[in-house]
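In what follows, a single structure is set out as structure tokens and then discussed.
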Amino acid sequence: MPSENSTDGRSSRTSALDMSPAEFREAGHELIEQIADFFESLPERPLTLAETPAQVGELIGTGGLPSQGIPASELLREIGPLLFDHSLHNGHPGFLGYISSSAAPLGALADLLAASVNSNLAKWELSPMASEIESQTIRWIAELIGYPDDCGGIMVSGGNAANFLGFVAARKAIIPWDIRKDGLYADPRQLTAYVSRETHTWIDKAADVCGIGAAAVRWIDTDDHQKINMNALREQVEIDRRNGHLPFLVVGTAGTVSTGAIDPLREIAAFCQEQQLWMHVDGAYGGPAAALPETPDALQALTLADSVALDPHKWLYSPIEAACVLTRNPQALPDALSFRPPYYEFDDESASGIDYYEHGMQNTRGFRALKVWLGLRQAGRDGYCKMIREDIGLAQRLFQLTEAHAELETRTVNLSIVTFRYVPTGIRGAADAVAAYLNDLNKALLADIKKSGTIFLSNAIVDGDYLLRACFVNFRTTNSDVDAIPQIIVDTGRRLDETMRPLELAT
Ligand SMILES: Cc1ncc(COP(=O)(O)O)c(C=O)c1O
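Counted the way numbering that gives the first Met the number 0 counts, the sequence shown spans residues 0 to 506.
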């Protein structure tokens, strides 16, 4: 029997998790104050304290599950500072590692609002307003990048999940038997998928989990600019067909994870059309840059793809998690994924909008679209174009600064990713030994920089060389943040070189 109170003739249940409106208001206001201070202080905070797991673990203790509860406001007062002080801040202006953006503050409020209403976007009937907003978000993202806005699509957790759905849609659309019912066993041919060597590792996971096996992924060589080699692609498809395999998918990447290279998407589209293959574009990182009128034709040709994955939590600056997949055929996802269970009613479908559980892997689904939709409305197309263009400008600026520095060697600049390395003066010796030492030195340099708390970079390997990599998807980074980078790298490089350089490589 629940314990109940009665006020004004209406009984209410007391629960360990509920909060009175007054308590919620007070705790909420206090939390918003804490968060506003956190945002304000971000540029002055250390980007990271580079603590060990033991140091961080100690802060929350090793006690078992508490049996007694603690008031909500007390908990929020405690957890806020723990997170603000002991996180690695990808919203810090110096954060240029991997592809994590500064998150729009409105997105944080959107997540609070979405969790408060707690809509379940499995079925339209359970989430009328939220589902309509998700549909509009998908149309607007398509419109932003020039993709047909009558496409299908769904919001998912991240780039991996979005690319996965493109893979699954391709499998269903191209394979000539009922793969969903009969699986892979109905035909002895091996399914094969084609990607460049620079493709993100989601493809391995997708091929593995879908039972095709990672060996069925054909990693096609790239040219000198890290783009898929079309001749090698054509050759491999021909070889596979001759050997009785069943090619079904070509993936083009619009902004590779390491160097931001854009595959020749127009040529891939023509090839896929000729060969009756599904064209999927991994635009998880670079897709939003297609919104810029000045963007290269190779990127704009992403509109020709059968499916496109995009990650608003990368270059649309949404808080994690937010991604989406778009499909040219609006039925492609339900064709590949829908099962209709008896516990859902389908009597009056004309009264229903899209039931998103039929378009993806999840049943119960959260309202990820809200933060993206609000971001698109807050910034508008023009606001997004300006931010993306400025990020690209910062990458160009860093590229020029590193080019101009005698101890820095620039390697690539594509979209908003720059790669370069530290090369100390006076290094000489056998080419192999120099190459190995430069790799070790730059690896150590990156490890040092990542702990510094001032900037955060990541790495890329290009032609066997270990490079430093800066990726600008951060609306808080300024020109002066960029201008400081070369000296930070060179000072650190010189310090490490003094102790690391082997005698045989010294002048
Ligand atoms: C090109 C590309 N594809 C896919 C992914 C995976 O995205 P997520 O980490 O959101 O799953 C990334 C991540 O950086 C990426 O750069």
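We put the CB at the ideal spot given by N, CA and C, even for glycine.
Give the DSSP-derived three-state secondary structure of residue i in the structure shown.
| i | result |
| --- | --- |
| Cys323 | strand |
| His244 | coil |
| Asn4 | strand |
| Ser40 | helix |
| Ala527 | This structure leaves residue 527 out entirely; the chain is present only between 0 and 506. |
| Ser10 | strand |
| Ile227 | strand |
| Met360 | coil |
| Ile353 | coil |
| Ile29 | Note that residue 29 is Glu in the sequence shown, not Ile. In the structure shown, Glu29 sits in a helix (DSSP, three-state: H, G or I). |
| Phe338 | coil |
| Met18 | coil |
| Ala505 | coil |
| Pro485 | helix |
| Trp372 | helix |
| Trp509 | Because the chain is modelled from 0 through 506, residue 509 falls outside the range shown and cannot be assessed. |
| Trp314 | helix |
| Ala185 | helix |
| Tyr383 | helix |
| Pro333 | helix |
| Ile69 | coil |
| Asn162 | helix |
| Leu437 | helix |
| Pro52 | helix |
| Phe398 | helix |
| Glu497 | helix |
| Ile178 | helix |
What does DSSP give as the partner residues of residue i in its beta bridges?
| i | result |
| --- | --- |
| Thr409 | Phe419 |
| Trp218 | Val194 |
| Leu309 | Gly282 and Cys323 |
What number of angstroms, rounded off, separates the C-alpha of residue i from the C-alpha of residue j?
| i | j | result |
| --- | --- | --- |
| Val481 | Gly251 | 31 Å |
| Leu111 | Pro42 | 24 Å |
| Thr409 | Arg376 | 38 Å |
| Val236 | Val155 | 31 Å |
| Leu190 | Ala300 | 26 Å |
| Tyr465 | Lys385 | 32 Å |
| Glu273 | Gly152 | 25 Å |
| Val472 | Ala102 | 10 Å |
| Pro45 | Ser306 | 40 Å |
| Pro329 | Lys122 | 17 Å |
| Arg12 | Met18 | 11 Å |
| Glu50 | Lys449 | 12 Å |
| Ser285 | Ala192 | The residue asked about is misnamed: residue 285 is Gly in this sequence, not Ser. Going by the C-alpha atoms only, they are around 22 Å apart. |
| Ala429 | Ala405 | 21 Å |
| Pro65 | Ile59 | 13 Å |
| Leu48 | Ser86 | 8 Å |
| Pro333 | Cys271 | 22 Å |
| Thr200 | Glu3 | 54 Å |
| Gln54 | Val422 | 35 Å |
| His91 | Tyr343 | 45 Å |
| Ile484 | Met229 | 37 Å |
| Asn162 | Ala206 | 11 Å |
| Gly492 | Thr221 | 31 Å |
| Leu325 | Ile137 | 7 Å |
| Ile69 | Ala21 | 17 Å |
| Leu400 | Leu440 | 21 Å |
| Gly212 | Asp203 | 8 Å |
| Arg241 | Trp277 | 19 Å |
| Pro175 | Ile416 | 40 Å |
| Ser33 | Gly79 | The question names Ser, but residue 33 in the sequence shown is Gln. Approximately 7 Å, taken between the alpha carbons. |
| Phe455 | Arg24 | 37 Å |
| Met499 | Tyr436 | 9 Å |
Could you confirm whether any beta carbon from chain D is found closer than 9 Å to the beta carbon of residue i?
| i | result |
| --- | --- |
| Ala322 | Of the protein chains in the structure, only one exists, and it is not chain D. |
Are there any heavy atoms of ligand 3 lying less than 8 Å away from the beta-carbon of residue i, as far as the coordinates show?
| i | result |
| --- | --- |
| Trp218 | The model depicted lacks ligand 3 and carries ligand 1 instead. |
> Curious, which full-length alpha helix (DSSP H) runs of at least 4 residues does the segment 75-154 contain?
Replying inline: 104-116 and 127-144
> In chain order, which alpha helix (DSSP H) runs of at least 4 residues are fully inside the segment 237-288?
Replying inline: 264-274
> What are the complete beta strand (DSSP E) segments, minimum 3 residues, inside the segment 455-482?
Replying inline: 457-461 and 464-470
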